[in-house]
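**Q** Here it is, the structure, as C-alpha cells.
Residue numbers (the working numbering): 8 to 461.
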C-alpha cells in the first residue's frame, strides 16, 4: 500500500469533477483503484455492484483491484467484462445496481479512469458523492466487512443490443450504406453486435480493440481524427459516417459528401425523430446548441428546455421535467428510456432511421437543421477569467444578457456565450449568427476584448 502522502497526492491529481482520470501508473495505480472500490461500496452501502472495462492495457489490472476493494467491503460484484460506457449504464439500470466503468474515454493510451454511477445509472459527481468517495480514498483505509462479497461474471451483450434496437424500427434502415470509425476503441466491440442484426451495409474502420490506438486518437472532437472516415465515406459513396470515441458513448456524424456535422445537428435530428413518435414531449438542450434546436423542437410540437453545459445538469433537468431526450453539442445524447443515460449508439440508430425515412441524402437533409452560422468553440487562455467575462459584459451591457452558464449575449441576429473552463485558466467562446460575415465579425470583436490587455 502507498504511504499516506502518496495516496493524497494521487487523489488530488486524478479525482475530477465528474470522474477519476489520470496517467497510469504515473498518477495513480491499482492501490488507488482498490481503495476506490472499497470506498464506493461503503459510501453507497451497496450489497451489489456492476463493473465493466474498456480495451486499454491497464484496464484489467484496475478492474481487478476495484473489484477486490468492493468485495472486501462486502459487495457482490457482477463483472460484464469488455463494454462501452453506455453498455455499463444500461447494466446499471437493467440490474438496478450501482456501476463503475474502467475507462479514460477519449484520452491517450497512457491514461485510465473510473466513471461511477448509482443504481439506475444515476450520476455520481463532485456534488453527488464523489467528494465523499474521494475523502475515504484519501484516508488510505480499507474497510473489511465480516462477510466478504464475491465476483460473478455475466454477459449482457445481447440484452444491450436488443435495448438499443428497441428505439427504432430496424427495417427502415435496411438499404443504407454506413462507415463506422471505432478508432480501435470499444465501438469495435459493441457496434458489430448491434448492426449484425440489421440488413444495412456497414464497414467498420479500425475495429480491432487496441488500447494503444495505433491508427489515430479516439477523440472525434478533433478534426484531424475524422479525416480517414471522411475520405472513406466519399471513396465508397456511403450514406453516412459514424465516429465513436474510445469508450463509445459519444458519436459524431459525417455526411455523404464527407463533411463533418456538429453535435447540435444530431441533437436536432434525434429530437425531430422522437417528436414524430411522441408529440408534445419535453426536449432538453444545453445553451451551446444552435438556436435552430429549440426552434425545431417547438416547430415539431415539443417543449424546448434550455440548460447549462454538463451531463449532471442535463440529467437533473431531464428528471425534473420528465424530458424524453437531452442533447449536448459535445456528442452526448441522453434518453429517458435509457435510464436518463447517454448513448452514442442509440443516437446513431435514430439518425439512421430519420435519414432512411426522409429518402434524402444526408448532405441535403442537414440543410433543414442548420440555418445559422457558427464559430465553433474557441478557447482563450487568460490571466483572470472573471475580469475577462466582466469586460465582455460591460462592452455589451445594452444587449440582452443572461448568466445561466457563464455569459450569454443575445442580439437577435447573433448570440454568443463565454463561459469559464472548470479546470484551466481559460474561457470558451461560442458565437452564432444569421450570416457567415456577421458570425466572423462578432467572433473577432469578442476575442479582441477577451484577449486584449490583461
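All C-beta atoms in this analysis are idealised placements derived from N, C-alpha and C, irrespective of residue type, glycine included.
Mapping DSSP to helix, strand and coil, what is residue 364?
**A** In the structure shown, residue 364 sits in a helix (DSSP, three-state: H, G or I).
**Q** If you draw a straight line from the C-alpha of residue 196 to the C-alpha of residue 217, how long is it?
**A** So the two alpha carbons sit approximately 11 angstroms from each other.
**Q** Going straight from the alpha carbon of residue 4 to that of residue 408, what length do you get?
**A** Because the chain is modelled from 8 through 461, residue 4 falls outside the range shown and cannot be assessed.
**Q** If the criterion is Cβ atoms closer than 9 angstroms, does the pair residue 310 and residue 288 meet it?
**A** Yes, the pair counts as a contact, with Cβ atoms nearer than the cut-off.
**Q** What first and last residue would you give for the alpha helix (DSSP H) that runs through residue 86?
**A** Counting along the chain, residue 86 falls outside any alpha helix (DSSP H), though it belongs to the beta strand (DSSP E) covering 83-89.
**Q** Where are the beta strand (DSSP E) runs, 3 residues long or more, that stay fully inside the region 94-134, in chain order?
**A** Fully enclosed beta strand (DSSP E) runs of 3 or longer: 106-109, 118-124.
**Q** Over the uninterrupted alpha helix (DSSP H) stretch that includes residue 303, give me the two end residues.
**A** Its alpha helix (DSSP H) spans residues 299-306.
**Q** Does the Cβ-Cβ distance between residue 454 and residue 385 come in under 9 angstroms?
**A** Yes, the Cβ-Cβ distance between residue 454 and residue 385 is below 9 angstroms.
**Q** Taking the alpha helix (DSSP H) that residue 55 belongs to, which residues open and close that run?
**A** Premise fails: residue 55 lies in the beta strand (DSSP E), 55-60, not in any alpha helix (DSSP H).
**Q** Would you say residue 142 and residue 189 are within 9 angstroms of each other, going by their C-beta atoms?
**A** Not closer than 9 angstroms, so no.
**Q** Between the C-alpha atoms of residue 169 and residue 356, what's the straight-line distance to the nearest angstrom?
**A** Each residue's alpha carbon lies about 12 angstroms from the other.
**Q** Rounded to whole angstroms, what's the CA-CA distance from residue 247 to residue 83? Just pull it up for me.
**A** The alpha-carbon atoms of residue 247 and residue 83 are separated by roughly 43 angstroms.
**Q** Quick check on residue 189: does DSSP put it in helix, strand or coil?
**A** Looking at residue 189 - three-state DSSP - the assignment turns out to be coil, as it is neither helix nor strand.
**Q** In three-state DSSP terms, what is residue 381?
**A** Three-state DSSP puts residue 381 in a strand.
**Q** Between the region 159-173 and the region 225-242, are three or more C-beta pairs nearer than 8 angstroms?
**A** Short answer: they don't touch.
**Q** Residue range of the beta strand (DSSP E) that residue 289 falls in?
**A** 289-293 is the extent of the beta strand (DSSP E) around residue 289.
**Q** Name the residue from 244, 376, 242 whose alpha carbon lies nearest to the alpha carbon of residue 306.
**A** Among 244, 376, 242, the Cα nearest to that of residue 306 is on 376.
**Q** So what's residue 240 in DSSP terms, helix, strand or just coil?
**A** Note: residue 240 maps to helix in three-state DSSP.
**Q** Is the Cβ-Cβ distance between residue 194 and residue 91 less than 9 angstroms?
**A** In contact: residue 194 and residue 91 (Cβ atoms closer than 9 angstroms).
**Q** List the endpoints of the continuous alpha helix (DSSP H) containing residue 46.
**A** Run containing residue 46: 37-51, per the alpha helix (DSSP H) assignment.
**Q** Taking Cβ to Cβ, would you say residue 293 is nearer than 9 angstroms to residue 257?
**A** The answer is no: Cβ separation not under 9 angstroms.
**Q** Just checking my contact of residue 284 with residue 145 at CB under 8 angstroms: how many whole Å lie between their CB atoms?
**A** Residue 284 to residue 145, Cβ: 48 angstroms. No contact.
**Q** So, at 8 angstroms on beta carbons, what are the nonlocal neighbours of residue 33 in its own chain, with the 5 sequence-adjacent residues on each side left out?
**A** Within the same chain, residue 33 has close Cβ partners 117.
**Q** Check each candidate in 392, 406, 79 and name the one with the smallest Cα separation from residue 426.
**A** Nearest of 392, 406, 79 to residue 426, Cα basis: 392.
**Q** Assuming residue 179 is part of the beta strand (DSSP E), what are its boundary residues?
**A** Note, residue 179: premise wrong, no beta strand (DSSP E); not H, not E.
**Q** Determine, for residue 348, whether the minimum Cβ-Cβ distance to residues of chain B falls below 9 angstroms.
**A** Of the protein chains in this structure there is only one, and it is not chain B.
**Q** Leaving aside the five residues before and after residue 333 along the sequence, list all residues of the same chain whose C-beta is less than 6 angstroms from its C-beta, in chain order.
**A** Cβ neighbours of residue 333 beyond the five flanking positions: 291, 321, 325, 341.
**Q** What do you get for residue 388, buried or exposed, if any count of 16 or more other CB atoms within 10 angstroms of its CB means buried?
**A** Under this definition residue 388 is an exposed residue.
**Q** The beta strand (DSSP E) that contains residue 423, what's its start and end?
**A** Note, residue 423: beta strand (DSSP E), 421-427.
**Q** Name the one or two DSSP bridge partners that residue 347 has.
**A** Looking at the DSSP assignment, residue 347 forms no beta bridge with any residue, so it has no partner.
**Q** Taking the continuous beta strand (DSSP E) assigned at residue 312, which residues delimit it?
**A** Residue 312 -> beta strand (DSSP E) spans 310-314.
**Q** On the three-state DSSP scale, how would you describe residue 136?
**A** In the structure shown, residue 136 sits in a helix (DSSP, three-state: H, G or I).
**Q** Grouping DSSP H, G and I as helix and E and B as strand, with all else coil, what is residue 212?
**A** Of the three classes helix, strand and coil, the one that applies to residue 212 here is strand, per DSSP.
**Q** Going by alpha carbons, who is nearest to residue 295 out of 220, 312, 36?
**A** When each option's Cα is compared against that of residue 295, the closest is 312.
**Q** Name the residue from 278, 319, 457 whose alpha carbon lies nearest to the alpha carbon of residue 301.
**A** Ranking the options by Cα distance to residue 301, first place goes to 278.
**Q** Any idea which residues DSSP pairs residue 268 with across the strands?
**A** BP columns for residue 268 point to 260.
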